[in-house]
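Trainee: Numbering (my numbering), first residue to last: 332 to 564.
Glycine residues also receive a C-beta, built at the ideal position from the N, C-alpha and C atoms.
The following block contains the structure, expressed as structure tokens.
Put into structure tokens, the structure is as follows:
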């Protein structure tokens with residue numbers, strides 16, 4: 332029975348090691364997802380600033396084009412006036428068109444200038460942001476690469492330890508292994524030592540009969556309360 336219990340204890344220790352390795356791997360993967368998410372979010376924010384700048388430039392170009400088109404139209408009207416081939420009523424209507432067109436052209440020119448100035452300021456700010464982002468991104472990508480290497484290493488270690496567990500399974504008596512598996516569904520520590528007359532899993536005080544069985548070690552003994560497999564500390 333001692334050999335069987337030793338095999339079970341080895342399996343228990345291996346399962347605890349596998350849980351710890353798996354938890355570490357999950358933490359590393361969570362860190363990786365967080366870093367990749369942060370990088371993607373910052374990249375989207377910078378791309379949005381670029382889009383806003385291009386939109387500002389486009390609006391500025393549109394206003395400038397409107398000014399040019401309106402200026403050409405006003406010059407055409409002015410030539411018609413200068414030629415003097417119109418009636419008085421037509422000439423007055425054309426003068427009103429020219430006057431209102433010039434007022435509109437002034438507003439468009441102001442808008443175009445304002446848009447282009449804002450675009451220049453925003454472009455200068457964006458260049459500074461891009462330079463800072465490039466440095467930050469390089470540093471973050473270095474951290475991401477290091478995390479990926481560590482994750483790959485942990486995955487290799489985990490596979491090695493799983494293979495070791497498979498070998499240990501063969502050393503445990505089938506009936507005892509089945510009991511261990513059932514207990515493992517409820518407890519992370521299905522096999523626990525007895526200390527000060529108590530089960531260290533549920534801390535219940537054990538009966539003298541149970542304690543005697545644990546000390547003798549001739550049979551697999553379980554806790555009267557939680558059902559964990561017991562062994563002498």
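May I ask which residues mark the beginning and end of the beta strand (DSSP E) holding residue 410?
Mentor: Position 79 of the chain shown, counting from 1, holds the residue named residue 410. Per DSSP, residue 410 belongs to no beta strand (DSSP E); it is in the alpha helix (DSSP H), 333-414.
Trainee: Using the three-state DSSP reduction, which class does residue 476 fall into: helix, strand or coil?
Mentor: Here the question's residue 476 lines up with position 145 in the chain shown. Three-state DSSP puts residue 476 in a helix.
Trainee: Would you list the residues sitting across from residue 531 in a DSSP beta bridge?
Mentor: Within the chain shown, numbered from 1, the residue matching residue 531 stands at position 200. Paired residues: none, contrary to the question.
Trainee: Can you tell me the Cα-Cα spacing of residue 355 and residue 467, whole angstroms?
Mentor: As a position in the chain shown, residue 355 is number 24, starting the count at 1. As a position in the chain shown, residue 467 is number 136, starting the count at 1. Distance between the alpha carbons of residue 355 and residue 467 is about 26 Å.
Trainee: Quick one: what does DSSP say residue 518 is sitting in, helix, strand or coil?
Mentor: Translated into positions along the chain shown, residue 518 becomes position 187. Coil, per DSSP.
Trainee: Can you tell me which residues form a DSSP beta bridge with residue 552?
Mentor: The sequence position of residue 552 within the chain shown is 221, counting from 1. DSSP, once it has assigned bridges, lists 561 as partnering residue 552.
Trainee: So, at 8 Å on beta carbons, what are the nonlocal neighbours of residue 412 in its own chain, with the 5 sequence-adjacent residues on each side left out?
Mentor: On the chain shown, position 81 is the one that residue 412 refers to. Only 422, 425, 426, 429 meet the Cβ criterion.
Trainee: At what residues does the alpha helix (DSSP H) containing residue 539 begin and finish?
Mentor: Residue 539 sits at position 208 when you count from the first residue of the chain shown. Its alpha helix (DSSP H) spans residues 539-547.
Trainee: Taking residue 489 and residue 500 to be in contact with their CB atoms under 8 Å, please state how far apart those CB atoms are, rounded to whole angstroms.
Mentor: Translated into positions along the chain shown, residue 489 becomes position 158. Translated into positions along the chain shown, residue 500 becomes position 169. That pair is no contact at about 16 Å.
Trainee: Express the C-alpha separation of residue 381 and residue 484 in angstroms, rounding to a whole number.
Mentor: As a working note, residue 484 is residue 153 in the chain shown. As a working note, residue 381 is residue 50 in the chain shown. Residue 484 and residue 381: Cα-Cα distance of roughly 39 Å.
Trainee: What does DSSP give as the partner residue(s) for residue 524 in the beta ladder?
Mentor: The sequence position of residue 524 within the chain shown is 193, counting from 1. DSSP output for residue 524 lists 562 as bridge partner(s).
Trainee: What do you reckon, are the CB atoms on residue 432 and residue 405 nearer than 8 Å?
Mentor: Taking the first residue of the chain shown as 1, we reach residue 432 at position 101. Taking the first residue of the chain shown as 1, we reach residue 405 at position 74. Closer than 8 Å, so yes.
Trainee: Tell me whether the beta-carbon of residue 366 lies closer than 8 Å to the beta-carbon of residue 444.
Mentor: As a first step, residue 366 must be located in the chain shown, where it is residue number 35. As a first step, residue 444 must be located in the chain shown, where it is residue number 113. Taking 8 Å as the Cβ cut-off, residue 366 and residue 444 do not qualify as a contacting pair.
Trainee: Sort 550, 523, 542 by Cα distance to residue 342 and report the nearest one.
Mentor: For the purposes of this step, residue 342 is taken as the residue at position 11 of the chain shown. Measuring from the Cα of residue 342, the nearest candidate turns out to be 523.
Trainee: Pick out whichever of 374, 554, 546 has its Cα sitting closest to the Cα of residue 514.
Mentor: Sequence index remark: in the chain shown, residue 514 carries index 183 (1-based). The residue with the shortest Cα to Cα distance from residue 514 is 554.
Trainee: Among 392, 418, 415, which has the Cα closest to the Cα of residue 441?
Mentor: The residue labelled residue 441 in the question sits at position 110 within the chain shown. Here the closest residue by C-alpha is 392.
Trainee: Return the bridge partner residues of residue 453 from the DSSP annotation.
Mentor: Mapped onto the chain shown, residue 453 falls at position 122. The partner list for residue 453 (beta bridge, DSSP) is empty, contrary to what the question assumes.
Trainee: So residue 460 and residue 387 are in contact, right, with Cβ under 8 Å, and what is the actual spacing, rounded?
Mentor: Sequence index remark: in the chain shown, residue 460 carries index 129 (1-based). Sequence index remark: in the chain shown, residue 387 carries index 56 (1-based). The pair is not a contact, with the Cβ atoms about 15 Å apart (cut-off 8 Å).
Trainee: So, are the CB atoms of residue 521 and residue 493 less than 8 Å apart?
Mentor: Position 190 of the chain shown, counted from the first residue, corresponds to residue 521. Position 162 of the chain shown, counted from the first residue, corresponds to residue 493. For residue 521 and residue 493, no; Cβs fall outside 8 Å.
Trainee: Let me check understanding here. Comparing Cα to Cα, which of 458, 544, 376 lies closest to residue 528?
Mentor: Here residue 528 refers to the residue found at position 197 when the chain shown is read from its first residue. The option with the nearest alpha carbon to residue 528 is 544.
Trainee: By the 10 Å Cβ neighbour count, where 16 or more other Cβ atoms means buried, how is residue 446 classified, buried or exposed?
Mentor: As a position in the chain shown, residue 446 is number 115, starting the count at 1. By the neighbour-count rule (16 or more Cβ atoms within 10 Å), residue 446 is buried.
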